[in-house]
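**Student:**
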Amino acid sequence: MNTFTTNSTPLLGGDSSPSSSSPLQSKKKELTQLENFAISALAPSMAVLFTNPFDTVKVRLQLQGEFVKTREPGRNGKEVVRVSEKVYKSSLDCLQKTFRHEGMRGLQKGLFPAILKESSKNIFRLGLYDPILNAMHPLSYPGEASTAPAWKRMIAGATCGAMGAISANPFELIKTRLQSHSTGGLAVGNQYAYTGTFSALRTIVTTDGAMTLYRGSMISIARSMLGSAANLTTYSLLKDHARNNWGAQDGIMLDMMSSLVSAFVSVVVMNPMDVVRIRLYNRSSSAASQSTLQSCRHILVTEGPLAFYKGFSTHFMRIGPHFTLTFVFLGMLKRQIIEGSQPEVVEPRKASTAIIHGMEDGTSSTSASITSSVIPRREEQM
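So in the UniProt record's numbering, spot 308 of the sequence shown is number 308, and the numbers just go up one at a time.
(1) Taking contact to mean at least 3 C-beta pairs separated by less than 8 Å, is the region 104 to 116 in contact with the region 145 to 160?
(2) If you draw a straight line from the C-alpha of Ile204 to the C-alpha of Leu213, how long is it?
(3) Are the Cβ atoms of Met218 and Thr98 separated by less than 8 Å?
(4) Is Lys89 buried or exposed, if buried means 16 or more other CB atoms sit within 10 Å of its CB?
(5) Report the start-end ranges of each alpha helix (DSSP H) in the region 201 to 255 that is 4 residues or longer and not cut off at the edges.
(6) Pick helix, strand or coil for Val188, following the three-state DSSP scheme.
(7) Just to confirm, is the Cβ distance from Leu232 to Ala150 under 8 Å?
(8) Mind checking Leu178: buried by the 16 CB within 10 Å criterion, or exposed?
(9) Ordered along the chain, which non-local residues of its own chain (more than five positions away) have a Cβ less than 8 Å from that of Ala41?
(10) Check whether the region 233 to 252 and the region 302 to 316 touch, using three or more Cβ-Cβ pairs below 8 Å as the test.
(11) For the alpha helix (DSSP H) that Pro131 lies in, which residues bound it at each end?
(12) Over what stretch of residues does the alpha helix (DSSP H) that includes Arg40 continue unbroken?
(13) Roughly how many whole angstroms lie between the Cα atoms of Gln25 and Phe323?
(14) Tell me which same chain residues have a C-beta within less than 7 Å of the C-beta of Phe316, skipping the five on either side of it?
(15) Consult DSSP for Ser119 and reduce its assignment to one of helix, strand or coil.
(16) Could you pull out every residue in the same chain whose Cβ sits closer than 7 Å to the Cβ of Gly103, ignoring the five residues on either side in sequence?
(17) CA-CA distance, Gly209 and Gly331?
(18) Give me the Cβ distance between Val269 and Phe308, rounded to the nearest whole Å; I'm assuming they're in contact under 8 Å.
(19) If you draw a straight line from the alpha carbon of Asp93 to that of Phe329, how long is it in whole angstroms?
(20) Grab me the residues of Ser167's own chain with a C-beta within less than 7 Å of its C-beta, minus the 5 sequence neighbours each way, in chain order.
(21) Count the other CB atoms, across all protein chains shown, that sit within 10 Å of the CB of Arg297; report buried if there are 16 or more and exposed otherwise.
(22) Determine the extent of the alpha helix (DSSP H) in which Arg105 is found, giving its start and end residues.
(23) Could you have a look at Tyr309 and say whether DSSP puts it in helix, strand or coil?
(24) Grouping DSSP H, G and I as helix and E and B as strand, with all else coil, what is Met359?
(25) Among Asp130, Glu30, Thr195, which one has its Cα closest to the Cα of Cys160?
(26) In whole angstroms, what separates the C-alpha of Ala135 from that of Met46?
(27) Just tell me which of Ser180, Tyr141, Gln33 has its CA closest to the CA of Asp55.
(28) Report, in whole angstroms, the separation of the C-beta atoms of Asn52 and Gly189, which I expect to be a contact under 8 Å.
(29) Based on Cα-Cα distance, which residue from Ser146, Leu254, Ala38, Leu186 lies nearest to His101?
(30) Using 8 Å as the limit for Cβ to Cβ distance, is Ser120 near chain D?
(31) Among Ser146, Pro272, Glu172, which has the Cα closest to the Cα of Lys109?
(32) Taking the alpha-carbon positions, what's the Ile319 to Leu139 distance?
(33) Leaving out the 5 sequence neighbours to the left and right, which residues in its chain are closer than 6 Å to Ala165 when beta-carbon positions are compared?
(34) Here's the rule: buried if 16 or more other CB atoms are within 10 angstroms of the residue's CB, otherwise exposed. What is Pro305?
(35) Please classify Gln290: does DSSP put it in a helix, a strand, or coil?
(36) Tell me the residue span of the alpha helix (DSSP H) that contains Pro149.
Quick look at the structure:
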């Protein structure tokens, strides 16, 4: 089963019958695994250029309103729980305020680690999905639509998601800290004075230790496993159903609709874990150690269950276009590689008219279909 759409290779399924093309047509080139890894890393890296501003807004919305312990002056230094000031009223308000005070550079904070995160994550998440699924549910012939049931697709997606989360966690943590940083009254959560990606990496390793880069990795793995399983399974099943039952044709519109629906399902599944993960990423190393389960309980008790869906709309505003652009770019890149190296089709050529008319034995005119690879007999030999 081929993950990305071309004229001959369907996206997560497709025409379940063998190719009906003419036997004289040359065989389509299949991507090597190295090429598959390359486009799986490149396509989402291109998509994040357009969706990173929404990710910055999502991070800031999820950090604000966090309850923190402070010392109450004049009361024997007693620690009390206070909620941080609510700076942003909505996703649009955060977008406008960030752009007004920090410009486009503020909205694109953390772009470089975001690119590193997307490439390191999707080289596994997308690049290994088809090989793993095909190993679990072998194909009858190359390029066919997989008939794998939903549970096998979910296992393949979850496995790829786990590997991607492990490789991307350091870049995700750095990206979150860079995106949360602001000045004046717009600052939410802990603020880190990093000047860039390498400054953050150096400071974290030398000050807090290399293992800090993997803070929140457990919740990140769980989030990526569920999110990838939901995304890839929903996406592939929707496309298969649309083709088989509605007569839909492969193309950009079908890719876009399937991507948006699968993105919504993914955000429903991932957002609660995303909130917890963002809080863990942004927590100062000097703060009291808190496990993932303790963080979940703390948010539930102090902020209520709806806190787990903070930034939901912005999360979808980021994930929806990101998935759509990712699959569109993947299709474009794959078609370019396949069609760029496509050998010319050798069409059958009619035999020379002089030879046909020179035949003395009344041979049928169908002999005109003799290809150029067949050497005709001479007249005197007939």
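Cβ atoms here follow ideal geometry from the backbone N, Cα and C, with glycine treated the same way. Just so you know, these numbers come straight off a predicted model, no measurement behind them.
**Tutor:** In short, the structure shows the following:
(1) No: the two stretches stay apart, fewer than three of their Cβ pairs being nearer than 8 Å.
(2) C-alpha separation (whole angstroms): 7 Å.
(3) no
(4) exposed
(5) 217 to 246
(6) In the structure shown, Val188 sits in coil (DSSP, three-state: anything other than H, G, I, E or B).
(7) no
(8) buried
(9) Glu118, Ser119, Ser120, Asn122, Ile123, Gly127
(10) no
(11) 129 to 136
(12) Contrary to the premise, residue 40 reads as Ser rather than Arg in this sequence. Ser40 -> alpha helix (DSSP H) spans 33 to 63.
(13) With a pLDDT of 45 at Gln25, under the threshold of 50, the modelled position of that residue is not reliable, and no figure is offered here.
(14) Ala263, Phe264, Val267
(15) helix
(16) none
(17) So the alpha carbons of these two residues sit roughly 41 Å apart.
(18) Between Phe308 and Val269 the Cβ distance is about 12 Å, and since that is not below 8 Å, they are no contact.
(19) Those two C-alpha atoms are separated by around 31 Å.
(20) Ser120, Lys121, Phe124
(21) Exposed, by the Cβ-count rule.
(22) 91 to 107 is the extent of the alpha helix (DSSP H) around Arg105.
(23) helix
(24) Residue placement at Met359 is flagged as unreliable, the pLDDT there being 44, under the threshold of 50; the coordinate-derived value follows with that caveat. DSSP places Met359 in coil when its eight states are reduced to three.
(25) With distances taken between Cα atoms, Cys160 lies closest to Asp130.
(26) The alpha-carbon atoms of Ala135 and Met46 are separated by roughly 29 Å.
(27) For Asp55, the closest C-alpha among the options Ser180, Tyr141, Gln33 is that of Ser180.
(28) With a Cβ gap of about 18 Å, Asn52 and Gly189 do not count as contacting.
(29) Leu186
(30) Any reference to chain D falls outside this structure, which holds one protein chain only.
(31) Glu172
(32) One C-alpha to the other measures close to 31 Å.
(33) Ser220, Ile221, Ser224
(34) Around the beta carbon of Pro305, fewer than 16 other beta carbons sit within 10 angstroms, so the residue counts as exposed.
(35) coil
(36) Where Pro149 is concerned, there is no enclosing alpha helix (DSSP H), given that its DSSP letter is neither H nor E.
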